[in-house]
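Before any comments, here is the structure.
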Amino acid sequence: MSLLHSDGSCGGRDESSSMGSAAANAPSSFTEETQGYDVEFDPPLESKYECPICLMALREAVQTPCGHRFCKGCIVKSIRDAGHKCPVDNEILLENQLFPDNFAKREILSLMVKCPNKGCSMKMELRHLEDHQLQCDFSTVECPQCQGTFPKNHLKEHMTQECPRRQVCCPNCATSMAYEDKELHDQTCPLANVYCEYCNTVLIREQMPNHYDNDCPTAPVPCFYSAFGCPEKMQRNELARHMQEFTQVHMRMMAQSFQTINVTAVNPVPYINGLPFEPPLFSHVSHAAYDCNPEVENFKETIQQLEGRLVRQDHQIRELIAKMETQNTHMAELKRTIRNLEGRITEMEAQQCNGIYIWKIENFSGLQKAQEEERPVVMHSPGFYTGKPGYKLCLRLHIQLPSAQRCANFISLFVHTMQGEYDSHLPWPFQGTIRLSILDQSEGPDRQNHEEVMEAKPELLAFQRPTIHRNPKGFGYVTFMHLQNLKQRTFIKDDTLLVRCEVVTRLDLNSARREGFQARSTDGAM
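For the sequence shown, position 40 matches number 54 in our numbering, and the numbering has no gaps at all.
Written out as structure tokens, the structure is:
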């Protein structure tokens with residue numbers, strides 16, 4: 015009954031793939047201790063291919079003389095640990111009585127299994143599983159930078175965008191470092207831009223100490239006479255004023271320091287019976303003593319230098335004040351000129367409209383939100399001309415509040431006359447046809463604008479020549495369009511509403527009638 019333990023003992027051909035070859039080439043101790051295949055079979059594994067010891071698919075299946083199948087590693091370990099008997103029926107069993115079951119091995123390697131990697135839905139024969147796992151995008155690999163484990167298909171993104179140890183370059187000093195070290199580096203980088211805590215000037219970090227010490231206009235600095243007892247601290251730009259206002263105080267401080275030094279040096283305090291005796295301050299101090307004391311001479315020179323410096327600084331301050339006043343006057347003139355030019359440009363642009371003006375109202379959702387919160391929404395368009403020469407007009411849009419009676423949640427649209435450049439050359443009151451539209455911003459040729467056409471009524475104040483910048487009386491529609499109707503077409507695009515106004519004066523009314531529009535009655539002057 016004893017059979018030799020060899021791969022060719024049954025005369026069968028070994029069809030195992032690289033998985034089987036790898037197992038065969040592995041050291042004997044590794045092969046003997048290897049349990050069954052712990053993978054998910056599809057369909058599920060039949061019980062005849064299951065090892066009774068590890069309860070997994072047979073790996074390197076062997077058969078006993080009593081007809082039971084085991085994983086080679088499982089049964090060898092059982093014999094060595096539990097004794098020479100079959101774990102199923104306790105029959106005597108020696109290692110040299112085991113023989114390979116190549117038929118079962120081929121059958122098991124031909125069974126379909128699912129890839130064990132999370133996220134992978136591939137199925138393949140068990141013999142190809144090892145090759146698949148070497149190439150599977152969902153297999154787990156180690157990041158060489160942070161030693162974390164990640165799916166293979168995510169490793170590149172992790173190493174370039176997420177890994178805390180990925181290399182980044184400081185944009186200021188070009189130093190290369192790990193990403194997790196960048197925050198600490200940014201706090202000390204000598205070339206990083208930082209704000210001065212006093213004047214908010216932006217400088218690189220290595221320039222900041224010199225800026226604090228010499229240039230910052232609002233950095234706190236001590237008075238020049240702090241050595242003589244002045245306790246004041248102030249911003250650097252206020253130092254000159256302090257020096258000018260407290261000149262006499264500083265001189266007294268210097269004189270007191272000067273007296274104290276000379277009295278101490280020339281006439282030390284005598285002691286009588288162990289007690290200090292202080293004579294009058296200058297009773298025994300001669301002018302010769304003052305003149306011969308080198309410290310006194312140094313103080314005199316210092317006082318003269320500081321007095322000269324104060325005079326020069328006073329002159330400089332007066333000159334700077336005069337220059338600043340001149341520059342302020344010049345700046346005001348430049349601002350007036352700019353405003354005039356901007357107004358002139360706006361007027362020239364308005365004259366190019368030739369009676370057709372499109373008003374672009376942006377952030378319309380913000381206007382609707384204000385209306386829903388019962389906040390009034392009223393806005394006027396820039397002025398535009400009906401021609402050159404022509405009348406100057408503007409539009410007024412009013413979103414009625416939800417609480418308004420009879421016109422709640424309506425868009426009201428009106429036209430106002432404005433003072434224009436050609437008013438003295440035009441006939442008044444204004445007469446003509448006005449077409450108001452809210453434009454459909456849909457793509458394609460089937461756009462449907464919301465339009466109304468109205469005739470000017472010369473007897474109304476809204477069409478008289480304005481006596482102020484903009485006629486307070488307007489003419490148009492209180493219920494031009496309901497807010498709900500904006501949703502029926504693409505009237506709002508990119509949060510923008512487009513309002514179009516086309517004006518034809520009395521001389522061109524025939525062209526307006528030829529287009530086939532009939533005016534409906536308006537809501538009157540507002």
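All C-beta atoms in this analysis are idealised placements derived from N, C-alpha and C, irrespective of residue type, glycine included.
Keep in mind it's a predicted model, so treat the numbers as computed, not measured.
According to DSSP, residues forming a beta bridge with ILE413: According to DSSP, which records beta bridges pairwise, ILE413 is partnered with VAL391, ILE425.
Ordered list of beta strand (DSSP E) runs contained in the stretch 79-151, each at least 3 residues: Correct list: 83-85, 126-128, 137-139.
DSSP state of SER451 mapped onto helix, strand, coil: Strand, per DSSP.
Start-end ranges of the alpha helix (DSSP H) lying completely within the stretch 170-213, minimum 4 residues: Within the stretch 170-213, the runs of alpha helix (DSSP H) at least 4 residues long that lie entirely inside it are, in chain order, 193-200.
For LEU475 and PHE428, the rounded distance between their alpha carbons: Taking the straight line joining both Cα atoms gives about 14 Å.
6 Å Cβ shell around GLY404 - same chain, five flanking residues per side excluded: For GLY404, where only same-chain residues beyond five positions count, there are no Cβ hits under 6 Å.
Through-space distance from CYS183 to GLY322, alpha-carbon basis: Rounded to whole angstroms, the gap between the alpha carbons of GLY322 and CYS183 is 54 Å.
The alpha helix (DSSP H) enclosing HIS256, as first and last residue numbers: Per DSSP, HIS256 belongs to the alpha helix (DSSP H) from 253-259.
Cross-strand partners of TYR371 (DSSP beta bridge): BP columns for TYR371 point to CYS515.
C-alpha distance - CYS65 paired with TYR193, whole-angstrom precision: The alpha-carbon atoms of CYS65 and TYR193 are separated by roughly 51 Å.
Buried versus exposed, by CB contacts within 10 Å (16 or more), ARG520: The residue in question, ARG520, is exposed, as its Cβ has fewer than 16 Cβ neighbours within 10 Å.
Opening and closing residue of the alpha helix (DSSP H) in which LEU217 lies: Annotation: LEU217 is outside any alpha helix (DSSP H); the continuous beta strand (DSSP E) that includes it extends over 216-218.
Nearest to ILE89 (by Cα), restricted to the options GLN49, LYS119, ARG461, LYS62: Check the Cα spacing between ILE89 and each of GLN49, LYS119, ARG461, LYS62: the tightest is with GLN49.
Spatial distance of ALA36 from PHE117 (CA atoms): Note on ALA36: pLDDT 35, under 50, position unreliable in the model; the coordinate value appears next. Near 19 Å, if we compare the C-alpha coordinates of PHE117 and ALA36.
The stretch 120-136 / the stretch 105-112 touching (three or more Cβ pairs under 8 Å): As far as the Cβ criterion goes, the stretch 120-136 does not touch the stretch 105-112, which means the pair count is below three.
Alpha helix (DSSP H) segment containing THR316, residue limits: Where THR316 is concerned, the enclosing alpha helix (DSSP H) stretches over 308-365.
Alpha-carbon spacing of LEU415 relative to SER190, whole angstroms: Straight across, the Cα-Cα distance linking LEU415 with SER190 is about 60 Å.
Separation of LYS86 from CYS150, as counted between CA atoms: In a straight line, the C-alpha of CYS150 is about 29 Å away from that of LYS86.
Local conformation of VAL263 per DSSP, three classes: The answer is helix: DSSP assigns VAL263 an H, G or I state.
Straight-line gap, HIS168 to ASP460 (C-alpha atoms, nearest Å): HIS168 and ASP460 have their alpha carbons spaced roughly 48 Å apart.
Stretch-stretch touch, CB-based, cutoff 8 Å, three pairs: the stretch 173-182 with the stretch 150-162: Flag = yes, the stretch 173-182 and the stretch 150-162 touch.
Span separating the alpha-carbon of CYS84 from that of GLU156: Before going on, a small fix: residue 84 reads as Phe here, not Cys. Cα to Cα, PHE84 sits roughly 35 Å from GLU156.
Sub-8 Å separation of MET432 and LEU411 beta-carbons: In terms of Cβ geometry, MET432 and LEU411 do not form a close pair [threshold 8 Å].
For GLU465: DSSP bridge partner residues: SER451, per the DSSP bridge assignment.
Strand pairing of ARG484, partner residues [DSSP]: Looking at the DSSP output, ARG484 shares a beta bridge with MET432.
Bridge partner(s) assigned by DSSP for GLY490: For GLY490, which the question treats as bridged, DSSP gives the partners PHE428.
HIS483 versus ASN354: straight-line alpha-carbon distance, rounded: Their backbone Cα atoms lie some 16 Å apart in a straight line.
For SER271, the nearest candidate out of ASN228, ALA241, LYS247 (CA to CA): Among ASN228, ALA241, LYS247, the Cα nearest to that of SER271 is on ALA241.
Three-state secondary structure assigned by DSSP to PHE566: Coverage of the chain is limited to positions 15 through 540, which leaves residue 566 absent and any answer about it impossible.
Residue-chain proximity (PRO245, chain E), Cβ-Cβ < 8 Å: You won't find chain E in this structure, because it holds only one protein chain.
Minimum C-alpha distance to PRO472 - residue among PHE152, PRO443, GLN262: Answer by Cα proximity: PRO443.
Exposure of ARG141, with buried meaning 16 or more beta-carbon neighbours within 10 Å: By the neighbour-count criterion, in which a residue is buried when 16 or more other Cβ atoms sit within 10 angstroms of its Cβ, ARG141 is buried.
Beta-carbon proximity check, ALA470 vs GLN445, cutoff 8 Å: Yes, the pair counts as a contact, with Cβ atoms nearer than the cut-off.
Span separating the alpha-carbon of VAL127 from that of ASP52: Going from the Cα of VAL127 to the Cα of ASP52 covers about 10 Å.
Within 8 Å, strictly: CB atoms of ILE372 and ARG219: No; because the gap between Cβ atoms is not below 8 Å, this pair is not in contact.
Selection from GLU259, ARG250, CYS244, ASN251 that minimises the alpha carbon distance to MET267: For the set GLU259, ARG250, CYS244, ASN251, the Cα lying nearest the Cα of MET267 is the one of CYS244.
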